[in-house]
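Numbers given in my numbering equal positions in the sequence shown, counted from 1, plus 96.
Report on one structure; see the data block that follows.
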Amino acid sequence: MGSGIAIDIRNCSKIFGTGTSAFTALDDVSVTIRENEFFTLLGPSGCGKTTLLRMIAGFGHPTSGAIELYGQDLSDLPPYKRPVNTVFQNYSLFPHMTVAENIGFGLEMLGKPKPEIAATVAEMLDLVRMTPMADRRTGQISGGQQQRVALARALAPKPKVLLLDEPLSALDFKLRKDMQIELKRLQAETGITFIFVTHDQEEALTMSDRIAVMNKGRILQIGGPRDIYDHPAERFVADFIGDTNFIEAEVLTVAGDSAEVRLPSGQTVSARHSDGAPGAGRATIAIRPEHAVLADDQGLMQGRIENIVYFGTDTHVHVTLDHGGQFVVRRQNSPDRTEAIAVGDAVGLTFPPGVGQVLKD
Ligand code: ADP
Ligand code: MG
97 MGSGIAIDIR NCSKIFGTGT SAFTALDDVS VTIRENEFFT LLGPSGCGKT TLLRMIAGFG
157 HPTSGAIELY GQDLSDLPPY KRPVNTVFQN YSLFPHMTVA ENIGFGLEML GKPKPEIAAT
217 VAEMLDLVRM TPMADRRTGQ ISGGQQQRVA LARALAPKPK VLLLDEPLSA LDFKLRKDMQ
277 IELKRLQAET GITFIFVTHD QEEALTMSDR IAVMNKGRIL QIGGPRDIYD HPAERFVADF
337 IGDTNFIEAE VLTVAGDSAE VRLPSGQTVS ARHSDGAPGA GRATIAIRPE HAVLADDQGL
397 MQGRIENIVY FGTDTHVHVT LDHGGQFVVR RQNSPDRTEA IAVGDAVGLT FPPGVGQVLK
457 D
């Protein structure tokens, strides 16, 4: 199994164009992707996700920096010699060929013997549950089925790493949900390292072992879904993933990964602190709406209910704080929740020590 590291990207930058038209698409990106990992690059359109995938695949070179695959420097290895395959958003299947022919196409190009191709195609058809459709032309199957064929075709040469560039974005909501589970299963069954690209935070949270959040050519934070969601290191990450309350507060002391902060109400509470966040003075604290509760007593902050929005599974209570700003509390609905709240009520708000996060910026 070796080092357990599939891909090591070190200080990679990519600049398109020169002089005044130069554009930095990737800015000093470093990330290590482990073997058998479901790794996701998450970020808004234009942040450099495809550019990074293309460099791993070998379609384009970094302006500076290095990429190693299983300890081997990739700079002189052409795309077809890399143990890497890509699934694109638009599938690019051959509509006049059958499902089986599409899946076997890459293997034919590699000059594999016919019996081996037939065996692999049968195995892949089974893997993506498309055996009954083997002889259909891909122009005559649904979008979800085309996606399965595209996956099977990319997996057929048994790459060590599969790159998936927003492969689910063309599917409707229900199908996308099904394919998320399907992709997770395929990754677990094949043991192949998946590098998945998406701008959809929910897709990233539900499928990934780890996520790298990107913006403007930079990786801002790398971590497990829970880690990224519960402890966003900077404002962009907190804002891009889920809903967040931002409170302007003051850092009093820091010890390890914990800070004592003073809220605008004058109350103090401990919050998570990570490297790079302010060690003293003004700082923004991020608190997820479901991590706060309405308090019977005074709580950590006080305010007045501005709006109550029912969402079925939960209810969002919008509170205008006495010391300025808005705060949203998300409460899970249940049949036995009886306490009555109303717009205009004066309320206290509280959240446990350690759930707030001191942001870097
Ligand atoms: P994403 O996949 O995250 O949406 P891309 O990696 O496709 O973003 O693009 C990142 C940025 O680099 C974009 O602003 C895009 O316009 C720019 N870009 C990508 N490819 C080229 C190119 N060949 N020449 C010039 N600019 C490019
Ligand atoms: Mg892209």
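Where is the CB? At the ideal position from N, CA and C, for every residue including glycine.
Please read these numbers as outputs of a predicted model, since none were measured by experiment.
When the Cα atoms are used, G421 and I401 turn out to be separated by approximately 12 Å. Shortest Cα-Cα distance from M193 to any of R249, S109, G320 and G440 involves R249. G139 sits close to M310, with the two beta carbons spaced by under 8 Å.
Under the DSSP assignment, Q297 falls in the alpha helix (DSSP H) whose first and last residues are Q297 to M303.
Taken through DSSP and simplified to helix, strand or coil, Q241 comes out as helix. With a cutoff of 8 Å on beta-carbon distance, E298 and L316 are scored as not near each other.
In chain order, the residues with a C-beta atom nearer than 5 Å to some heavy atom of the ligand ADP are F112, A121, S141, G142, C143, G144, K145, T146 and T147. Secondary structure in the region 395-440: the beta strand (DSSP E) runs of 3 residues or longer, each lying completely within the stretch, are 397-406, 410-417 and 422-428 in chain order.
In this structure, the ligand MG has no non-hydrogen atom nearer than 7 Å to the beta-carbon of E330. DSSP, reduced to helix, strand and coil, places G161 within a strand of the structure shown. If you compare the alpha carbons of A391, P448, L396 and A376 with that of D457, the shortest gap goes to A376. Across the set P209, L251 and M303, the C-alpha of L251 shows the shortest separation from the C-alpha of L221.
Rounded to whole angstroms, the gap between the alpha carbons of F112 and G142 is 13 Å. Look at the beta carbons and you see the region 190-204 touching the region 220-236: at least three pairs across the two are nearer than 8 Å.
The way I'd put it, the region 167-176 doesn't touch the region 212-229; fewer than three beta-carbon pairs between them come closer than 8 Å.
Contact check for I404 against V451 fails: the beta carbons are separated by 8 Å or more. In the three-state DSSP reduction, G202 falls in the helix class (H, G or I).
Only buried fits V293, as 16 or more other CB atoms lie within 10 angstroms of its CB. Cβ neighbours of I163 within its own chain (closer than 8 Å, five residues either side excluded): I103, D104, I105, R106, C108, M151, I152, D169, L170 and S171.
Counting every other CB atom within 10 Å of its CB across the protein chains shown gives D339 a total below 16, marking it as exposed. Here the alpha carbons of L279 and F134 stand approximately 10 Å from one another.
Annotation: the continuous beta strand (DSSP E) that includes I101 extends over I101 to F112. Of all C-beta pairs linking the region 110-125 to the region 254-270, fewer than three are shorter than 8 Å, placing the two stretches out of contact.
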